[in-house]
Amino acid sequence: MLSLTTLLRPTRRVHAHCDVPCGIYDPEQARIEAESCYRIIEKYHASTDELFRQRCVVVKEARAEETKHHIDVMWHDYFKPEHLTQYPDLHDVCWKASKAASKVKQSTDLEAARELLGLIDQIDAMWQGTGGLAKTRVSGRPS
Amino acid sequence: MAAGIAAGAAARRWLDVVEVQGSSMAPALLPGDRIIVESRSYAQRAPRPGEVVLAVDPREPRRELIKRVAAVDAELGEVELLGDAPDESTDSREFGRVRVDAIRWRAALRYWPPARAGRL
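Residue numbers (the working numbering), protein chains in the order written: chain P, 1 to 143; chain X, 144 to 263.
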């Protein structure tokens, strides 16, 4: 017979939790990945080594995908409906930033990478304007 | 022995035991609480407001959530789930209502810890 202990052993864990207990959202994650893309594109154009250039493309595509992911996290998870009232162009900026990250992934256009950085800076400004900096960064670090 | 295992397996289709993780259902349920869940009720009827249920996480289907039914839309077949502790809960406020067929198990009884054992 199965013992009572066996029958009363939980078969699985069920979740009564909160997704993001840390509440850390910081556009700098996107910015660093986008800077990476920018520099890689510069190096790509400066090099004549075909193998190196291929590696640049591979790395840039991965970094651009990361950039897009971090932009999406800001857009979907950090920004709330009340932020939209404060910044009516919030969706437009995030959408353009996502699109720009896709363009950087597809091309080796330095201008596209510069545009992406500019859009991330706009997200950064909205993040700071909605108190993101104070909520996220542990004090002691210069912003 | 074989009969025992068969009986146990059959019983597990109607009754099962789970452990709670997280504190979005505090103070009713606390992390580490062990719960007997049953699936007979929802084979016959829809969940009702106030009941504590297991629901397939709409964002991650391999995971099960334990939340309380806040409202049921019988016409659309949708259920609104909320945690008892709103500040510590990710629930329908974030992921919307869930399909009624995402809910099979009703939390019936806590058996552990013994000091808080009883019906839910």
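We put the CB at the ideal spot given by N, CA and C, even for glycine. As the structure is a prediction and not an experimental result, all values here were calculated from the model.
Query, Result
"Cβ separation of residue 16 of chain P and residue 163 of chain X, assumed to be a contact under 8 Å, to the nearest whole Å", "5 Å"
"Selected residue, minimal CA-CA separation from residue 57 of chain P, among P/27, P/36, P/68 and P/3", "P/36"
"Test: residue 116 of chain P CB closer than 8 Å to a CB of chain X", "no"
"Under 7 Å by beta carbon: chain P residues contacting residue 159 of chain X", "11"
"Alpha-carbon spacing of residue 69 of chain P relative to residue 89 of chain P, whole angstroms", "20 Å"
"Residue 187 of chain X: contacting residues in chain P (beta-carbon distance under 9 Å)", "By Cβ distance, chain P contributes nothing, its closest Cβ being about 22 Å from residue 187 of chain X, past 9 Å."
"Cross-strand partners of residue 249 of chain X (DSSP beta bridge)", "X/181 and X/196"
"For residue 241 of chain X and residue 222 of chain X, believed in contact at Cβ under 8 Å, the rounded distance", "6 Å"
"Residue 250 of chain X versus residue 81 of chain P - alpha carbon distance", "34 Å"
"Amino acids of chain P, ordered along the chain, whose beta-carbon sits closer than 8 Å to that of residue 162 of chain X", "10, 12, 13 and 14"
"Neighbour flag for residue 193 of chain X against chain P, beta carbons, 8 Å", "no"
"Reference residue 76 of chain P, options P/127, P/107, P/41 and P/114, closest by Cα", "P/127"
"Span separating the alpha-carbon of residue 3 of chain P from that of residue 9 of chain P", "10 Å"
"Within chain P, the residues that residue 209 of chain X reaches when beta carbons sit closer than 9 Å", "14, 15 and 16"
"Residue 207 of chain X versus residue 14 of chain P - alpha carbon distance", "5 Å"
"Near-chain P residues of the stretch 199-226 of chain X - C-beta to any C-beta below 8 Å", "200, 206, 207, 208, 209, 210 and 226"
"Chain-ordered chain P contacts of residue 197 of chain X [CB-CB under 8 Å]", "14"
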